[in-house]
Amino acid sequence: MHRGICEVVTATRPQAVVIEELFSAYRNPLTAVMMGHARGVLCLAAAQQRITVYALAHSAVKRALTGSGAARKEQVRSMVVQLLGLKASPEPADVSDALALAIAFANRAGRASLNGDAR
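According to my numbering, the sequence shown is numbered sequentially starting from 190.
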């Protein structure tokens, strides 16, 4: 996993890495542990390349795209399609989630730079 992430980082040279804050229901503790491991590997790869990692709450992503932090997943996917001018929602759903995260961060970063703020 680490090698694959490093290859992508080297090939794309991102200025920032944006991840979603972790959330896991108590009924899925193993999922939380596995997500924590994956997140750690991603953060390590970014740190090794001196890339800042930003985390956004799921509700903040929903709010940035739909105006409501309680929006349904379908509403967020629909906004991704609309904002990016796509013909259909990206598949698998994780791709749409990643694009939503990128859009929310870009909007937030744009506002921050207008205010002279780094974050």
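Even for Gly, the Cβ is constructed at its ideal location relative to N, Cα and C.
Report the start-end ranges of each beta strand (DSSP E) in the stretch 230–282 that is 3 residues or longer and not cut off at the edges. 241–245
Taking the straight line between their C-alpha atoms, what separation do you get for residue 358 and residue 244? This structure does not reach residue 358, given that the chain is present from 190 up to 308, and the question cannot be answered.
Straight-line gap, residue 308 to residue 208 (C-alpha atoms, nearest Å): Annotation note: pLDDT 44 at residue 308 (below 50); position unreliable, coordinate value reported separately. Residue 308 and residue 208: Cα-Cα distance of roughly 14 Å.
Would residue 288 be called buried (16 or more neighbouring beta carbons within 10 Å of its own) or exposed? buried
Min CB distance residue 282 to chain C below 8 Å: Considering every chain present, this structure includes no chain C. It has just one protein chain.
According to the Cβ coordinates, are residue 249 and residue 242 closer than 8 Å? no
Excluding sequence positions up to five away, which residues of its chain have a Cβ less than 6 Å from the Cβ of residue 297? none
Using the rule of at least 16 other Cβ atoms within 10 Å of the residue's Cβ for burial, across every protein chain shown, is residue 269 buried or exposed? buried
How would you call residue 212, buried or exposed, if buried means at least 16 neighbouring beta carbons within 10 angstroms? exposed
Are there 16 or more other CB atoms within 10 angstroms of the CB of residue 266, so buried, or fewer, so exposed? buried
Residue 209 (DSSP reduced to helix, strand or coil): strand
State buried or exposed for residue 259, treating a residue as buried only when at least 16 other CB atoms are found within 10 Å of its CB. exposed
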